[in-house]
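From first to last, the protein sequence lines stand for chains E and A. Position 203, counted from 1, in the first sequence is what numbering that gives the first Met the number 0 calls 202; the numbers after and before it change by one each time, with no gaps. Position 318, counted from 1, in the second sequence is what numbering that gives the first Met the number 0 calls 317; the numbers after and before it change by one each time, with no gaps.
Protein chains: 2
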Amino acid sequence: MAIRYKDTDPVRLSKDKHSIIIIDQTKLPSKVEYLEIDKLDDMYDAIKSLAVRGAPCIGIFAGYCMAILARQYKKLPADEFVSRLKADGEHLNSSRPTAVNLSWAVKRQLDLMDSSISSGLTVDQTATRIMSEAVAIHEEDIMMCMRIAEFGLSLLNDGDGILTHCNAGALATSRYGTGLGPLLLGRERGYHFHVYTDETRPLLQGARLTAFELVHAGIEDTVICDNMASLLMKQGKIQAVLVGCDRIAANGDTANKIGTSGVAIIAKHYGIPFYVLGPYSTIDVGTPDGDAIEIEERDPEEIRSMWYERPMAPKGVKCYNPAFDVTDHSLITAIITDKGIIKPPFERSIAQVMNIKKSSGRTMHFRRFS
Amino acid sequence: MAIRYKDTDPVRLSKDKHSIIIIDQTKLPSKVEYLEIDKLDDMYDAIKSLAVRGAPCIGIFAGYCMAILARQYKKLPADEFVSRLKADGEHLNSSRPTAVNLSWAVKRQLDLMDSSISSGLTVDQTATRIMSEAVAIHEEDIMMCMRIAEFGLSLLNDGDGILTHCNAGALATSRYGTGLGPLLLGRERGYHFHVYTDETRPLLQGARLTAFELVHAGIEDTVICDNMASLLMKQGKIQAVLVGCDRIAANGDTANKIGTSGVAIIAKHYGIPFYVLGPYSTIDVGTPDGDAIEIEERDPEEIRSMWYERPMAPKGVKCYNPAFDVTDHSLITAIITDKGIIKPPFERSIAQVMNIKKSSGRTMHFRRFS
């Protein structure tokens, strides 16, 4: 596959491959502004300021950063090329130390640099390989998202009403996103979905990011407050719920943005299928179940005052701000990964998937596994 | 009962009975400001601007307005007294034409004026009676709320964690409120509750009003986003849910603030009792079930931009803003009224309550009816 860049891609290479163009996500949804970046300091700032965000998206961005920098150093002697690129990689890593995909992508590029130089390639040839690697990282993510989108779309019908929660779209990953993938791919194939998007308090990823992505893709979207999902389901407007995921335990319990478990309970009450979408790599068999997942607690001011003209809860009252919750596996209809659709009983089907992988090492393209 | 006014009462008479003192609810929760009102134009503005709000509270306010005005006219000849007060009442009614309690209270005072004058009382005596009537309207509401609070408190235990949604407190009614009554009364009796309050998007009645009332009453309160209730319940922090109600159908289906039905479904999932609290008069046997209740749709800008520094959903995306939803009777543990606690099966127990009332005409003080 060769990437054809689109102006809705959150991260893309400029035509001359001398710079990276990103959507400045801090300005969304009020303004769509692009940043064209070719300097180390600006790369660092883009990650730090959340202009580029979402774990996979940061990885893609970092891959390109290393490629652009390598290109700028390609006239240098080999030892200087190597030491400059290593120092730059270290600096980039420090922009957001907890972002695993960031250090993963930087390391992937530095490993390639080391192996290329030590195998006798020139600095120029090495820089070219690093550029190809950046494109490969991006392509891999697009392919992964596209496979999720394909599997997900197979479960939906034209005309369906779909509820989404938080943002599991292209802005956090690449082209198709995870949770939104079936909708974006479906749109390309002429499907008409009526999407409803939970605004997703307190950080409003649904209202700000998901709604932006869907409207830009030409998909009919209606933003609702999180507490309106039950009414919509009762009115018969929702045929399926699609959400992303942060971590999936061995028994299928799934950690995702706060509010996900409530949506799942309400969907079950009304008999509406509830689908979790995410890369196969999100399954963590080292985590036996949801109880083993610690809930991150965030700043109360995100509830009390963030975005508002003035604080909306009185002084002296506490605000409790958990970042995510765990949806019990019993509430999940299916987990849709880039390797296939995993169905209950999850403990068995997930174990089976992992065993197959361990024993054969081959890529699986099963559908409706178990 | 004689009213002892408190500075937390949303509406109260001044000590000299020449003016009404109200909490300016438009300034909450940032500032607690009082307005002292004795002029017709200011009375009109207080209702129009929502400085005083909540159906019962507006009724109480209007009762006092008529009494203050009658007092100011007590040196006038009878015919002028009557015509001035009638004109003033009409003007007050026009401040918020849909507020049933407003016109109800004005009419109650004008009827008393008519009967007093026609039975030969002087203007001065009539004005005194109208003042007593205003106090009676207020006392009746306090007593009604206190009975609900007593019945509700009988279902709770010291140390309980309680979830509330929207505002069914004193600010909308009088002293004890409806949904918050058991908590406020419990506090007076030395109970310690840990209250969690849904912020209640989009109008944030929970964060702005309920949290304000509870903190002022010295009750421990923690504001959460609406989508966090499921996690709290899973964590074992909630022993009961208390909500108010707008209308209760003959089968027990209950219309209340948007989001209530979702909370009820999630509470049922976790096996947590879900209590609806409201005046007996909220039961409307002319409405067979929830399907007969039309859902009011409000301005989408309340979701997109209200309170915010800038719009949080992109242009071109729709926002759907239903004002309330209907909680199915199967999700309700009990309906707590000023006449007693009504339990399932609701269709039978509600019919029985109405029949008893019709046949005997006596006040009921049953508990755990049916």
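Glycine included, each C-beta is placed from N, C-alpha and C at the ideal position.
Buried or exposed: which applies to residue i, given that a residue is buried once 16 or more other Cβ atoms fall within 10 Å of its Cβ?
i: residue 362 of chain E; result: Confidence is the limiting factor: at residue 362 of chain E the pLDDT is only 38, short of 50, which leaves the residue's position unreliable and the question unanswerable from this model.
i: residue 358 of chain E; result: Bear in mind that a pLDDT of 44 at residue 358 of chain E, under 50, signals an unreliable position, so the model cannot answer this.
i: residue 158 of chain A; result: exposed
i: residue 33 of chain A; result: exposed
i: residue 234 of chain E; result: exposed
i: residue 108 of chain E; result: buried
i: residue 300 of chain E; result: exposed
i: residue 169 of chain A; result: buried
i: residue 14 of chain A; result: exposed
i: residue 160 of chain E; result: buried
i: residue 146 of chain E; result: buried
i: residue 289 of chain E; result: buried
Does residue i come within less than 8 Å of chain A when only Cβ atoms are used?
i: residue 242 of chain E; result: no
i: residue 11 of chain E; result: no
i: residue 264 of chain E; result: yes
i: residue 309 of chain E; result: yes
i: residue 228 of chain E; result: yes
i: residue 239 of chain E; result: no
i: residue 313 of chain E; result: yes
i: residue 23 of chain E; result: no
i: residue 287 of chain E; result: no
i: residue 8 of chain E; result: no
i: residue 29 of chain E; result: yes
i: residue 245 of chain E; result: no
i: residue 41 of chain E; result: no
Suppose the cutoff is 8 Å on Cβ atoms and the five residues either side in sequence are ignored; what does the same chain contact list for residue i look like?
i: residue 292 of chain A; result: 246, 248, 252, 254, 286, 325
i: residue 49 of chain A; result: 24, 25
i: residue 331 of chain A; result: 251, 253, 263, 273, 274, 275, 343, 345
i: residue 368 of chain E; result: Low local confidence applies: a pLDDT of 34 at residue 368 of chain E is under 50, so the model's placement there is unreliable, with the coordinate-based value given in what follows. Around residue 368 of chain E: 339, 340, 341, 342, 348, 351, 352.
So, is the C-beta of residue i closer than 8 Å to a C-beta in chain E?
i: residue 343 of chain A; result: no
i: residue 316 of chain A; result: yes
i: residue 319 of chain A; result: yes
i: residue 224 of chain A; result: yes
i: residue 360 of chain A; result: Low per-residue confidence applies at residue 360 of chain A: pLDDT is 39, beneath 50, and the placement is therefore not dependable, though the value from the model is reported in the following sentence. No, no contact with chain E.
i: residue 324 of chain A; result: yes
Cα-Cα, which of the options is closest to residue i?
i: residue 24 of chain A; options: A:235, A:211, A:271; result: A:211
i: residue 100 of chain A; options: A:75, A:77, A:58; result: A:58
i: residue 313 of chain A; options: E:175, E:223, E:161; result: E:223
i: residue 84 of chain A; options: A:64, A:96, A:93, A:97; result: A:64
i: residue 149 of chain E; options: E:340, E:345, E:344, E:352; result: E:340
i: residue 173 of chain A; options: A:283, A:10, A:353; result: A:10
i: residue 176 of chain E; options: E:29, E:278, E:60; result: E:278
i: residue 192 of chain E; options: E:207, E:154, E:166; result: E:154
i: residue 156 of chain A; options: A:120, A:95, A:189, A:93; result: A:189
i: residue 328 of chain A; options: A:267, A:296, A:310; result: A:267
i: residue 320 of chain E; options: A:289, A:321, A:230; result: A:230
i: residue 283 of chain A; options: A:140, A:300, A:93, A:244; result: A:244
i: residue 138 of chain A; options: A:55, A:203, A:209; result: A:55
i: residue 181 of chain A; options: A:60, A:128, A:335; result: A:335
i: residue 194 of chain E; options: A:318, A:20, A:28; result: A:318
i: residue 213 of chain A; options: A:1, A:3, A:2, A:7; result: A:7
i: residue 166 of chain E; options: E:208, E:127, E:202; result: E:208
i: residue 87 of chain E; options: E:337, E:141, E:41; result: E:41
i: residue 178 of chain A; options: A:116, A:152, A:201; result: A:152
Excluding the 5 residues flanking residue i on each side, which residues of the same chain have their C-beta closer than 6 Å to its C-beta?
i: residue 197 of chain A; result: 164, 205, 225
i: residue 370 of chain E; result: Residue 370 of chain E cannot be examined here, being either before or after the span of chain E that is shown, 0 to 369.
i: residue 221 of chain A; result: 195
i: residue 219 of chain E; result: 193
Tell me which residues share the same chain as residue i and place their Cβ nearer than 7 Å to its Cβ, disregarding the 5 neighbours each side in the sequence.
i: residue 52 of chain E; result: 24, 171
i: residue 259 of chain A; result: 164, 242, 324, 326
i: residue 228 of chain E; result: 162, 197, 262, 265
i: residue 232 of chain A; result: 265, 266, 269, 271
i: residue 134 of chain A; result: 2
Is there a Cβ of chain D sitting closer than 8 Å to that of residue i, yes or no?
i: residue 206 of chain E; result: Included in the structure are the protein chains E and A, with no chain D among them.
Can you give me, in chain order, the residues of the region 249-275 of chain A that have a beta carbon less than 7 Å from any beta carbon in chain E? Those would be 257, 258, 260, 261, 264, 265, 268, in chain order.
Chain A contacts from the region 209-222 of chain E (Cβ-Cβ distance under 7 Å): Residues are counted here when their Cβ sits less than 7 Å from a Cβ of chain A; for the region 209-222 of chain E these are 210, 211, 214, 220, 221, 222, given in chain order.
Closer than 9 Å, Cβ to any Cβ of chain E: which residues of the region 196-210 of chain A, in chain order? Listed by position, the residues of the region 196-210 of chain A near chain E (Cβ gap below 9 Å) are 196, 197, 198, 199, 200, 201, 203, 205, 206, 207, 210.
Going along the chain, which residues of the region 295-309 of chain E sit with their C-beta nearer than 8 Å to a C-beta in chain A? Taking 8 Å as the upper bound on Cβ-Cβ separation, chain A lies near residues 302, 303, 306, 307, 308, 309 of the region 295-309 of chain E.
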